[in-house]
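Since the structure comes first, as structure tokens, the remarks are kept for the end.
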Amino acid sequence: MMTPPESRNRYRDELGAERVTTVVIPHCGHALLPEQPAARSATAGNQKGKSMRVPSLKERSPLSVYLEHCRKGELAYQVCTDDNTPVFFPRAVSPVTGSGNLEWRVSKGLGTVHSTTVVYYKNEAPLNVALIDLDEGFRMMSRVEDIDPMQVRIGMRVKVRMHPGNEKQPPYPVFIPLLVEEGSPRRGGGGAGAQNHPGSASHPSLARRGN
Amino acid sequence: MDLERGSVAVVGAAESDLGQVAPDTGIVDLMAQATMRALDDCGLKLSDIDAVLSATTQSRYAPMLLAEYLHIKPKFLDGTFIGGSSFMSHVAHAHAAIQLGICEVAVIAYGSTQRTISRAMASAREYNPFETPYRPFLPASAYALAAARHMHEFGTTREQLAEVAVAARKWALMNPVAWEKEPLTIEQVLNARMVSYPFTVRDCCLVTDGGGAIILTSAVRARTLKKKPAYVLGVGEAWGHTTISNMPNLTVTAAAESGHKAFRMAGLKLSDVNMLSLYDAFTITPILFLEDLGFCPKGEGGRFVADGAIAPGGKLAVNTSGGGLSYCHPGMYGLLVMIEAVRQVRGECGERQVKNCEIALAHGNGGVLSSQCTVLFGSETAL
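Heads up: the sequence lines are chains S and U, in that order.
First residue of the first sequence? That's 1 in this note's numbering, and the numbers climb one at a time after it.
First residue of the second sequence? That's 1 in this note's numbering, and the numbers climb one at a time after it.
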């Protein structure tokens, strides 16, 4: 929970000092955690004394792990276990914390269209390109299939489907519309957990508007 | 140590040949041509140049190529490449180098033959495993994603986007060297070939050859030269992201930060600015920059540009050259953005001259709304 200075002790007063730790972040606005490295470092806790584990790149690359998951039909992403922040695109080192403590997770594959365009290549059917906000709190480029590209709408709920690719292109995740009946937790509204997710925290429009 | 407001000035400014150049013309031919025209503009000699700054998509060694071509022995070289705003960054870097006494006379030059050799040849796309498989038509699709989001959040319309293109065309018709020569209507913009929704080809910048050069020196030396100096009153550089998938907020650019820095250095307020030269790669970009620089509230850009507000005779003079949309867009347009601002401050723009233009803002954009850089130029009276 981030609060302005005037209300910084509110939760400590309500819940007790043993349950609530207050960390003052200098020069921090109401703004977005990922855009304020100092803020994220502060919320990540005191790193002093911890030795940094920087992973080797001799055996496997972050991209190769991602693609292995794709071949198994899984959309993989990472979480920095130092501060529970989802990380995408895959990296060897976590942004902001610089930590190598990146844990691979498999996304449930449910998300929301954040923005969409339709590309008109000559002599080809129109092609959708979209930015998808995954429910786990990260954003990726993809496209929405099984629907007229012009009918893809911002805010539309979608679910992942692995495109098989071809001899030149490894399998890659695309999305299809999620039928309303299948149901899904509604996002947004700025719940407490949202603070840890750059996907939602850095996209205040989603938090403000919901889906 | 800070950059000193007005301690450095642009003293010479010139375009190379624009539009379409002869087959097999090299990018350095264009840079050298523009450099000699810019020297002629201010009365300095080639041997006066002791700093070369350049960036181009067609070579990794732009400033070194120009130094070799003209046999300049530079004390300072800068090949900073951050897309179309590179040249505004070069102004900041040249300003620092001149102020520190590392060099005295700097040339910032650019050349492109992308129309002649094709855009694909001039600017090879880098493979990105998280974007390339989806085949976005870059950079247009990235800006289209931002525009679509702006339309969704703020009710911006395709007609309002088209207003930007129509205003640019009206200005271009007053610029003898502009590529486009025919009037343009909102309907024509809307009904043109769709490229990446919501952009038709008329929402997208031109694909032309071209280049330019500007010469900078200290304010003290500037006053001894032929033309009225355009003083660098403020400059601000900022970065937001590199790929569109990683843009923190699709409707807010780092222009807010670069503009703030430039205005703070200049000690100016928005109302002091007489004309704006805003990088118009696509019709959404001037809308975003008007908002982020503070000329209208966030989300109001579309309504702000409506009804010819940025066209000749409108409430704010924006992109008087005709912009990247109608005048010239040789791949990276930032240098030409500044040349028009310098000319407006000098009062050299003929029919399209903004009256009593003492302060002009030039804003550069690089990548996919990624790097943002703002420069404020002022006349002697603005000092």
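By construction, the Cβ of each residue, glycine as well, lies at the ideal position given by its N, Cα and C atoms.
Being a predicted model, the structure only gives us computed values, none of them experimental.
Give the range of the beta strand (DSSP E) segment to which residue i is assigned.
i: residue 179 of chain U; result: Premise fails: residue 179 of chain U is in no beta strand (DSSP E) and is neither H nor E.
i: residue 76 of chain U; result: 76-78
i: residue 70 of chain S; result: It is not in any beta strand (DSSP E) - residue 70 of chain S instead sits in the alpha helix (DSSP H) that spans 62-71.
i: residue 175 of chain S; result: 172-177
i: residue 361 of chain U; result: 359-366
i: residue 310 of chain U; result: Taken as a continuous stretch (DSSP letters only), residue 310 of chain U belongs to no beta strand (DSSP E), as it is neither H nor E.
i: residue 116 of chain S; result: 110-119
i: residue 80 of chain S; result: 76-80
i: residue 237 of chain U; result: 230-239
i: residue 85 of chain S; result: 85-87
i: residue 52 of chain U; result: 51-54
i: residue 21 of chain U; result: No beta strand (DSSP E) holds residue 21 of chain U; DSSP gives it neither H nor E.
i: residue 112 of chain U; result: 105-112
If you draw a straight line from the alpha carbon of residue i to that of residue j, how long is it in whole angstroms?
i: residue 70 of chain U; j: residue 140 of chain S; result: 46 Å
i: residue 56 of chain S; j: residue 88 of chain S; result: 19 Å
i: residue 214 of chain U; j: residue 35 of chain U; result: 7 Å
i: residue 155 of chain S; j: residue 116 of chain S; result: 10 Å
i: residue 136 of chain U; j: residue 134 of chain S; result: 20 Å
i: residue 38 of chain U; j: residue 14 of chain U; result: 5 Å
i: residue 200 of chain U; j: residue 190 of chain U; result: 7 Å
i: residue 46 of chain S; j: residue 103 of chain S; result: Note on residue 46 of chain S: pLDDT 45, under 50, position unreliable in the model; the coordinate value appears next. Their Cα atoms are separated by approximately 20 Å.
i: residue 153 of chain S; j: residue 40 of chain U; result: 55 Å
i: residue 58 of chain S; j: residue 205 of chain U; result: 44 Å
i: residue 132 of chain U; j: residue 223 of chain U; result: 51 Å
i: residue 375 of chain U; j: residue 67 of chain U; result: 25 Å
i: residue 170 of chain U; j: residue 326 of chain U; result: 9 Å
i: residue 169 of chain S; j: residue 198 of chain U; result: 28 Å
i: residue 86 of chain S; j: residue 110 of chain S; result: 15 Å
i: residue 65 of chain S; j: residue 96 of chain S; result: 22 Å
i: residue 342 of chain U; j: residue 142 of chain S; result: 42 Å
i: residue 329 of chain U; j: residue 147 of chain S; result: 36 Å
i: residue 131 of chain S; j: residue 77 of chain S; result: 16 Å
i: residue 93 of chain S; j: residue 62 of chain S; result: 9 Å
i: residue 99 of chain S; j: residue 193 of chain U; result: 48 Å
i: residue 255 of chain U; j: residue 373 of chain U; result: 7 Å
i: residue 7 of chain U; j: residue 92 of chain U; result: 12 Å
i: residue 378 of chain U; j: residue 267 of chain U; result: 12 Å
i: residue 248 of chain S; j: residue 125 of chain S; result: Only positions 1 to 211 of chain S appear in the structure, and residue 248 of chain S is not among them; the question remains open.
i: residue 62 of chain U; j: residue 298 of chain U; result: 37 Å
i: residue 64 of chain U; j: residue 360 of chain U; result: 31 Å
i: residue 195 of chain U; j: residue 122 of chain S; result: 9 Å
i: residue 237 of chain U; j: residue 129 of chain U; result: 29 Å
I'd like to confirm something about residue i: is its beta-carbon nearer than 7 Å to some heavy atom of the ligand SAH, or not?
i: residue 43 of chain U; result: Ligands displayed in this structure: none; no statement on the ligand SAH is therefore possible.
By the 10 Å Cβ neighbour count, where 16 or more other Cβ atoms means buried, how is residue i classified, buried or exposed?
i: residue 12 of chain U; result: buried
i: residue 45 of chain U; result: exposed
i: residue 128 of chain S; result: buried
i: residue 202 of chain U; result: buried
i: residue 209 of chain U; result: buried
i: residue 151 of chain S; result: exposed
i: residue 134 of chain U; result: buried
i: residue 356 of chain U; result: exposed
i: residue 18 of chain U; result: buried
i: residue 73 of chain U; result: exposed
i: residue 275 of chain U; result: buried
i: residue 280 of chain U; result: buried
i: residue 391 of chain U; result: Any question about residue 391 of chain U goes unanswered here, given that chain U covers just 1 to 383.
i: residue 220 of chain U; result: exposed
i: residue 71 of chain S; result: exposed
With respect to the alpha helix (DSSP H) encompassing residue i, which residues constitute its N-terminal and C-terminal limits?
i: residue 326 of chain U; result: 323-326
i: residue 336 of chain U; result: 334-346
i: residue 163 of chain S; result: From DSSP, residue 163 of chain S is part of no alpha helix (DSSP H) but of the beta strand (DSSP E) over 157-163.
i: residue 374 of chain U; result: Unbroken run through residue 374 of chain U is the beta strand (DSSP E), 371-378; no alpha helix (DSSP H).
i: residue 128 of chain S; result: Where residue 128 of chain S is concerned, there is no enclosing alpha helix (DSSP H), although the beta strand (DSSP E) it sits in stretches over 127-134.
i: residue 27 of chain U; result: 27-42
i: residue 330 of chain U; result: No alpha helix (DSSP H) contains residue 330 of chain U, which DSSP labels as neither H nor E.
i: residue 70 of chain U; result: 62-70
(message) Does the contact criterion of 3 or more C-beta pairs under 8 Å hold for the stretch 79-95 of chain U versus the stretch 332-341 of chain U?
(response) Yes, the stretch 79-95 of chain U is in contact with the stretch 332-341 of chain U.
(request) Check whether the stretch 73-80 of chain U touches the stretch 264-279 of chain U, taking contact to mean three or more Cβ pairs, one atom from each stretch, closer than 8 Å. (result) Touching, no, given that fewer than three Cβ pairs across the two stretches are closer than 8 Å.
(request) Indicate whether the contact test is met: 3 or more Cβ pairs, each with one atom in the stretch 353-373 of chain U and one in the stretch 151-169 of chain U, closer than 8 Å. (result) No, the stretch 353-373 of chain U does not touch the stretch 151-169 of chain U.
(request) May I have a chain-ordered list of the alpha helix (DSSP H) segments no shorter than 4 residues that lie completely inside the stretch 128-173 of chain U? (result) Counting only runs of 4 or more, we get 140-154 and 158-172.
(message) Is it the case that the stretch 338-353 of chain U contacts the stretch 164-175 of chain U, given that we only count it when at least three CB pairs across the two stretches are under 8 Å?
(response) They touch, by the three-pair rule.
(message) Is it the case that the stretch 241-255 of chain U contacts the stretch 219-231 of chain U, given that we only count it when at least three CB pairs across the two stretches are under 8 Å?
(response) The count of Cβ pairs closer than 8 Å, one atom from the stretch 219-231 of chain U and one from the stretch 241-255 of chain U, stays below three, leaving the stretches out of contact.
(request) Answer yes if the stretch 272-288 of chain U comes into contact with the stretch 22-35 of chain U, meaning at least three C-beta pairs across the two stretches below 8 Å, and no otherwise. (result) Taking one beta carbon from each stretch, the stretch 22-35 of chain U and the stretch 272-288 of chain U have fewer than 3 pairs nearer than 8 Å; the two do not touch.
(message) When you compare the stretch 293-305 of chain U with the stretch 49-60 of chain U, are there three or more beta-carbon pairs, one atom per stretch, that lie closer than 8 Å?
(response) No contact exists between the stretch 293-305 of chain U and the stretch 49-60 of chain U.
(message) To test your reading of the DSSP string, which unbroken alpha helix (DSSP H) runs of 4 or more residues are found completely within the stretch 261-310 of chain U?
(response) List check, alpha helix (DSSP H) in window: 284-293 and 301-305.
(message) Quick check on the DSSP output: what are the complete alpha helix (DSSP H) runs of length 4 or more inside the stretch 189-226 of chain U, in order along the chain?
(response) Runs of the alpha helix (DSSP H) lying entirely within the stretch 189-226 of chain U, each at least 4 residues long, are 219-222 in chain order.
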